[in-house]
Amino acid sequence: MRDYKDTTNRGFGFLHFDSELAAVTAMRHLRESPIRIQGYATEVKPNKSRSSSRNEPSHVLHISGLPLDIQYLEVLDLVKERCPYFKSLRFMAAEPGNFLGVAAVAFEDVTTAERAKERLYGTTVGGMLIQEHNLSFGRSLYEDGPTNTLMVLGTPTSPDAAFDFRRLLDTFECVQRYKLIKDKITNKFKGFTTVNCGTVDNAWMMLEWFNREHPQYRVAFITSAYEYEENRKSRLAEGDFTIRSKLKSRPERENRRSSD
């Protein structure tokens, strides 16, 4: 594992197994016959993955092990040729120009992503043969389905940079509202922004733009407060009293900016 900020080695890693029995057997073997890496003794501990499997299907496909000097257009050309129905390509990076060697390809649904995985297997990009261990499914960008609102993580926290980011969002006609989230106590920017794009298609377009031009941001779909409140009222009217949320809808502002 590497630190997400500067990609330095964090001193630990994960081994994934098909079953708990296989993991226990491997751990017992490694403890009975310890191995050393670069002269350092290794320590083995059990860990339970958040997902049931490393390759649990999702609509996001990761291509890992890519050369760090590979060009974005090289991977883009391959993806366009082998799976033209993709929605977005992101070179995963902690900061601009700091590529981590993993490309995340987003699709509209799981079936399309599974088909793309089959079509990318055995192809070559940047002199590297894409093998089975280079292809895995990543974390989904939405819960139930794509929405018209995005959450952008890693946005500027300094006032000057936040102002520039606002000016950038103002250049997009499809962006109806946005909010740079602030800490309620310190009044400082917290580093994430909600962007309402009006329609799902516009949200996909903005997600693709962010992933292409600013891969250091992590972008996912969320439900806007207004739509969440409307859905909550509808469910309450139908007799569903299990909802505990107290989100309140806000009137739409003429000014799309909001930072409180």
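Adding 7 to a residue's 1-based position in the sequence shown gives its number in the numbering used here. Cβ atoms here follow ideal geometry from the backbone N, Cα and C, with glycine treated the same way.
| Check | Outcome |
| --- | --- |
| Own chain residues within Cβ distance below 8 Å of Arg146, not counting five before or after | Ser65, Val67 |
| CB of Leu73 within 8 Å of CB of Leu83, strictly | no |
| Through-space distance from Asn54 to Phe24, alpha-carbon basis | 11 Å |
| Alpha-carbon spacing of Leu243 relative to Tyr224, whole angstroms | 36 Å |
| Close Cβ partners of Met34 (< 7 Å) along its chain, the five nearest in sequence each way excluded | Val51, Pro53 |
| Local Cβ density within 10 Å of Arg174, reported as buried at 16 or more and exposed below that | exposed |
| Exposure label - Ile137; buried when at least 16 CB within 10 Å | buried |
| Residue from Glu39, Thr178, Lys191, Thr156 with nearest C-alpha to Leu214 | Thr156 |
| Alpha-carbon spacing of Arg251 relative to Phe93, whole angstroms | The pLDDT assigned to Arg251 is 42, lower than 50, so where the model puts this residue is not dependable; a value taken from the coordinates is nonetheless given after this. Roughly 37 Å between the two C-alpha positions. |
| Counted within 10 angstroms of its Cβ, other Cβ atoms place His69 as buried (16 or more) or exposed | buried |
| At least three beta-carbon pairs within less than 8 Å, the segment 198-212 to the segment 150-168 | yes |
| Pairwise C-alpha distance: Leu107 and Ser217 | One point to set straight first is that residue 217 is Phe, not Ser, in the sequence displayed. When rounded, the distance between both Cα atoms is 17 Å. |
| Through-space distance from Val117 to Thr206, alpha-carbon basis | 21 Å |
| Limits of the unbroken beta strand (DSSP E) element including Phe228 | 225-229 |
| Helix, strand or coil at His23 [DSSP, three-state] | coil |
| Per-residue burial, Val31 [other beta carbons within 10 Å of its own, 16 or more giving buried] | exposed |
| Thr201: first and last residue of the uninterrupted alpha helix (DSSP H) it sits in | That residue, Thr201, is in no alpha helix (DSSP H); its beta strand (DSSP E) goes 196-203. |
| Neighbourhood of Ile77 by C-beta, 6 Å cutoff - its chain only, sequence neighbours within 5 removed | Gly133 |
| Spatial distance of Ser143 from Met99 (CA atoms) | 14 Å |
| CB contact flag (Phe199, Thr230, <8 Å) | no |
| CA nearest to the CA of Tyr185, picked from Leu176, Thr193, Lys191, Ile192 | Leu176 |
| C-alpha gap between Leu22 and Phe179, whole angstroms | 43 Å |
| Beta strand (DSSP E) runs wholly inside the segment 136-197, at least 3 long, in chain order | 142-144, 156-160, 184-189 |
| Assumed close pair Ala123, Phe114 - CB separation to whole angstroms, cut-off 8 Å | 6 Å |
| Cα-Cα separation, Ile192 to Ser241 | 33 Å |
| Ser217 - containing alpha helix (DSSP H), residue span | The amino acid at residue 217 is misidentified as Ser; the sequence shows Phe. Here the alpha helix (DSSP H) through Phe217 covers 207-220. |
| Contact set for Ala227: own chain, Cβ-Cβ below 6 Å, skip 5 residues either direction | Leu148, Met158 |
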